[in-house]
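Okay, structure first, notes after.
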Amino acid sequence: MSFNLLVASCLAYVIFLFAVAFLVERRSGQGKLGWLRSPMVYTLSLSIYCTAWTFYGAVGYAARSGLEFITIYLGPTLVFIGWWWILRKLVHIGRRQRLTSIADLISSRYGKSNSLGVLVTVIAIVAVTPYIALQLQSVVLAFEVFANAAPGEARPAAGQTAIWVAVGLALFTILFGTRNLDAKEQHTGIVAAIAVEAVVKLVALIAVGCFVVWGLAGGVSGIMAKIDASSLHDWQLQPGRWTAILFLAGAAVICLPRMFQVIVVENSDERQLARASWAFPAYMLAMSLFIIPIAVMGIERLPEGANPDMFVLTLPLAEGQGALAMLAFLGGFSSATSMVIVEAIALATMVSNHIVIPTWLRLRRSGAISEDVRSLVLNARRISIALVLALGLGYYRVSGGSGALAEIGLISFAGVAQFLPVMIGGIFWRGATRTGALLGLGTGFALWAYCLFLPSFGDAILPASVLQQGLWGFGWLRPEAMFGTEVMDPLVHALFWSLIANTAVFCAASILSFPGPVERLQSAVFVNVFDGPVGPQRWARGEAEPEALLVMTQRIMGEEEAQGLFERAARDQGKSESMLPDPTPAFLAALEEKLAGSIGAATAHAMISKLVGLDTVTVEDLMVVARESAQLMEHSAQLEEQRGALSRTATALREANEKLTALSVQKDAFLSQISHELRTPMTSIRAFSEILAEGDLPPGTVARSGGIIRDEAVRLTRLLDDLLDLSVLESGKVQLSVSLVSMRDMIDRAILATEKVKPERDIEFTRDTIAESVWMRTDADRLTQVFINLIANARKYCDSSHPRIRIAVRVKGGRVRVDVSDNGKGIPKALQSMVFEKFWRLPGEARASGAGLGLAICREIVTNLGGSIDYLPGQGGAAFRVVLPLRIDPG
Amino acid sequence: MKRPRRPLFLGRIPYRRRRLRDAARLLPVAGVFLMILPILWTPADGGQRLLSSDVIWFFLTWAVLILLAAALAPGLAKPDETRPGEASGDEEEG
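This is how it looks when you write it as structure tokens:
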């Protein structure tokens, strides 16, 4: 098998991938995606989890540690079949927030914090560098295997191979990974190429496996017997490592930048994830199925000392299967290249969005963004890609290409696993804060570097004294035995301490710190992502010029797309002629979201802030606004209160005024009544006295005139007495002479006193003398006056042929009730409400019968005695009810 | 934010959907149990255990988990025709 042929087929394969990526990009540009968005392609793109580490390293891992290699695939399997827990939420958030990377996720969750973005980016680069070195190492090893197989030919040194591979990969990645800045950071061409590579590596590994099982071991039963007979059989499961790696692989599958890229960023709908939930574990199962057989047969067939990491290649070569070895080589090459490409894109996105652009924004202070941001971003990415690969290459050169592939991979896994607490805390716990995330991540990263990453260089960075005696000679600070935990496996030890400290610091600092406003908003958006859109930060209608916004958007998204976006927005706002929409809050929010898809949430936010003129909206600013509005509210509350008091006063005044008006009317009516009542007797007195003054009159006339004058004078006196009485009673200044009296006595006296009223009528009284035997403390004369009045009225007005007056007394609850009723026709209903008014008489009654003050006086007396008097309807005649207290206190 | 009131009892189809989600949540728990279980096995160095049977155990349980996940996935991926608040409220427990 010629080495040159190998290089040639390698190049041919790369050109083929190139063509696939190019064609797919073109189709996607025409909007014809079709099957490219299918769940199957999505699942295949996830297969970049299986890198050269899987393809070559898993066999080596199995040869060294038996079944332990399987945990690397079981961990992700558990995460994927449990997608309803975490992955679904992550993908949902990713789509809603247009996340571009794991750094973007963490930075935008914690208040679009750029410092967190930088920290995550740095950790990711440091952690992933060994992993990229691992891929280069595997490709170099594979080339060497072929070179050794054909010793005669000229071949480059191992170091040179690594450089060529790195340069080639960098070129491929730059060409396809940074062609455009999509609204969302999706790369259809790359994804398609990766899907092809996924198929190639699966087919290659299964082909080698089938050859080993059926070609060498003689079928399934044969290989089973060989497995039991091999040295692998001595393998022992170490519970600590087993559980730790299971957990580690599960964490890594969501925390690795490239995995986050393909799972979350490249995802376009939930059905893809549902399919991948079982299809991706199935892919990993297929990849793992033949690992043990290949390892067993490699140990058996190949000479002692052969590198088990290369069994996949060396076994077919040793058996003379050149074509199969070629296929296996392409499979391994696919694994390595696809991983490096996606990892480099993911890291480059993080570097440009979280380090380059923020720095550039800070360096220039003026508002308008006139330069070509688009090319700046793309160039930043190109340089970042080259940088990432250069770092990988550097690590490979420094570490000397030694060490088993699996161990290098696990160091990376432990590094990225530091994102786990911050990430899970961020999407499930609203109380997680930026301070907590920064401190937790920092602590975890520092411990990982100290306990695992730096010791992996041997004593190149950490001096041997530190490794053996601990930092500054403190024994309990030894990198591989913190706090005296010497029995732990170094990997488990580092993972244990870094994650414990990470989580503890993260939780404690989150609980103790207080999040800023944007942070709290984002926490609600992330944790309650299924509750429907809460929306990102609302922009107040700022002073942003639409032109400036368009210029900036063009710089970032490209002219055509930006103009299309603005035109659509203008149309939605109902503007037909202008293509510039008003900078409404809704438009600004939509624009930010769109830009966030290209340059990350934090940067997009900062850029729009600059243009809108809200350059530095700090917590303090918001607090000031809040304080001002609180003052305003207090002020208006005070005004409201004063207004209420004023309106209450006005109402009271109005009521008083109405009362006064009514009183005045009453007074006028009263005065006119009185003058009328006084005038009538005065007129007749004057007339008759004039007659008398003429003299010379017959004695009969004199006597009659004198009698009339006397009668009228008496009537006048009585009227004046009554008026005086009434005014005294009404003023409440009446003197009551309270004594113990019998009701019966008072009624007897009243009946006796009224006998002179219409004495010609024969009135029958109905009384219950037993019930009348009530003793009460009251003013006997006044009360008797009331009864006299009532009985006299009855005698006067009862029109029955057999007049009857009924007096009923009843005591109830400390009060006496006296009903006085007759059997006349009573008072018409319409007039009943008037009977107690002054000067009211029954219509058509004789003038002489009274002034109409009797009942008014009665009412005033009863009121003064603490009781009440009412007309009692429905008794078959006129009826009055007097209710009085049994005793009144002497007033 | 205020969540709309949810009914106390569900119809048959939403009820099945809820239980399907419960199953999806429980599946990884069962998976963890099955995959952690081997740490309780007797060490292989006594010679009583066969590596081949261990291999078969892992790949069989792995395949069973995949098949169960495949059985659940289509039902879970169906778009939710019930009110959006219903799904989200359910999610809070998670």
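Chains as they are written, first to last, in numbering that gives the first Met the number 0: chain A, 0 to 890; chain B, 0 to 93. The beta-carbon is built from N, C-alpha and C at its ideal position, and this holds for glycine as well. Remember, it's a predicted structure, so these values are computed and weren't measured experimentally.
What would DSSP say about residue i, mapped onto helix, strand or coil?
i: PHE2/A; result: helix
i: LYS757/A; result: coil
i: VAL486/A; result: coil
i: GLU763/A; result: strand
i: THR583/A; result: coil
i: THR99/A; result: coil
i: TRP774/A; result: strand
i: PHE473/A; result: coil
i: MET481/A; result: strand
i: ARG381/A; result: helix
i: TYR109/A; result: coil
i: LEU864/A; result: coil
i: ILE690/A; result: helix
i: ILE806/A; result: strand
i: VAL63/B; result: helix
i: PRO514/A; result: coil
i: PHE32/B; result: helix
i: ALA18/A; result: helix
From the options, pick the residue whose C-alpha is nearest to that of residue i; which is it?
i: GLY249/A; options: LEU77/A, MET422/A, LEU451/A and ALA18/A; result: LEU77/A
i: GLY851/A; options: SER646/A, ALA493/A and LEU722/A; result: LEU722/A
i: ILE101/A; options: ALA416/A, ILE410/A and ALA169/A; result: ALA416/A
i: CYS450/A; options: MET632/A, LEU470/A and ASN792/A; result: LEU470/A
i: ILE189/A; options: ALA18/A, MET325/A and LEU312/A; result: ALA18/A
i: LEU739/A; options: ILE69/A, THR777/A and PRO758/A; result: THR777/A
i: PRO78/B; options: SER383/A, VAL387/A, THR348/A and ALA273/A; result: ALA273/A
i: VAL882/A; options: VAL785/A, CYS797/A and HIS801/A; result: VAL785/A
i: GLN237/A; options: ALA69/B, PRO73/B, LEU39/B and GLY10/B; result: LEU39/B
i: TRP61/B; options: GLY439/A, LEU288/A and LEU466/A; result: LEU288/A
i: ALA327/A; options: GLY435/A, GLU196/A, TRP241/A and GLU265/A; result: GLU196/A
i: ALA161/A; options: SER772/A, ALA829/A, ARG396/A and ALA379/A; result: ARG396/A
Does any residue of chain B bring its CB to less than 8 Å from the CB of residue i?
i: GLY80/A; result: With the sequence shown as reference, residue 80/A is identified as Ile, and Gly is not the correct amino acid for it. Chain B contact via Cβ: present.
i: ILE262/A; result: no
i: MET39/A; result: no
i: PRO238/A; result: yes
i: HIS492/A; result: no
i: HIS232/A; result: yes
i: LEU140/A; result: no
i: SER276/A; result: yes
i: THR76/A; result: yes
i: THR242/A; result: yes
i: ARG270/A; result: yes
i: ILE69/A; result: yes
i: TRP428/A; result: no
i: LEU451/A; result: no
i: ARG540/A; result: Residue placement at ARG540/A is flagged as unreliable, the pLDDT there being 48, under the threshold of 50; the coordinate-derived value follows with that caveat. Not an interface residue.
i: ILE291/A; result: yes
i: GLY534/A; result: Only weak support is given to the placement of GLY534/A: the predicted model assigns it a pLDDT of 46, under 50, and the value that follows is read from those uncertain coordinates. No, no contact with chain B.
My assumption, with CB atoms under 8 Å, is that residue i sits in contact with residue j. Please give the rounded CB distance.
i: LEU247/A; j: ALA413/A; result: 6 Å
i: ALA192/A; j: ALA20/A; result: 4 Å
i: MET775/A; j: LEU885/A; result: 5 Å
i: LEU329/A; j: VAL199/A; result: 6 Å
When you compare the CB of residue i with every CB in chain A, is at least one pair closer than 8 Å?
i: PRO13/B; result: no
i: ARG24/B; result: yes
i: PHE125/B; result: The structure shown does not extend to residue 125/B, since chain B spans only 0 to 93, so no value can be given for it.
i: GLY30/B; result: yes
i: ARG20/B; result: yes
At 7 Å on the CB atoms, spell out the chain B contacts of residue i, in chain order.
i: MET223/A; result: SER51
For residue i, which residues in chain B fall below 8 Å Cβ to Cβ?
i: ALA431/A; result: Ordered by position in chain B, no residue passes the 8 Å Cβ test against ALA431/A, which lies about 16 Å from the chain.
i: PRO280/A; result: TRP61, LEU64, ILE65 and ALA68
i: ALA273/A; result: ALA72, PRO73, LEU75 and ALA76
i: LEU284/A; result: PHE58, TRP61, ALA62 and ILE65
i: TRP83/A; result: ARG20, ALA23, ARG24, LEU75 and GLY93
Name, please, each residue of chain B whose Cβ falls closer than 9 Å to the Cβ of residue i.
i: ASP227/A; result: LEU49, LEU50, SER51 and SER52
Note down, in chain order, every chain A residue with its Cβ under 8 Å from the Cβ of residue i.
i: ARG16/B; result: The contacting residues do not exist; ARG16/B stays about 12 Å from chain A at best.
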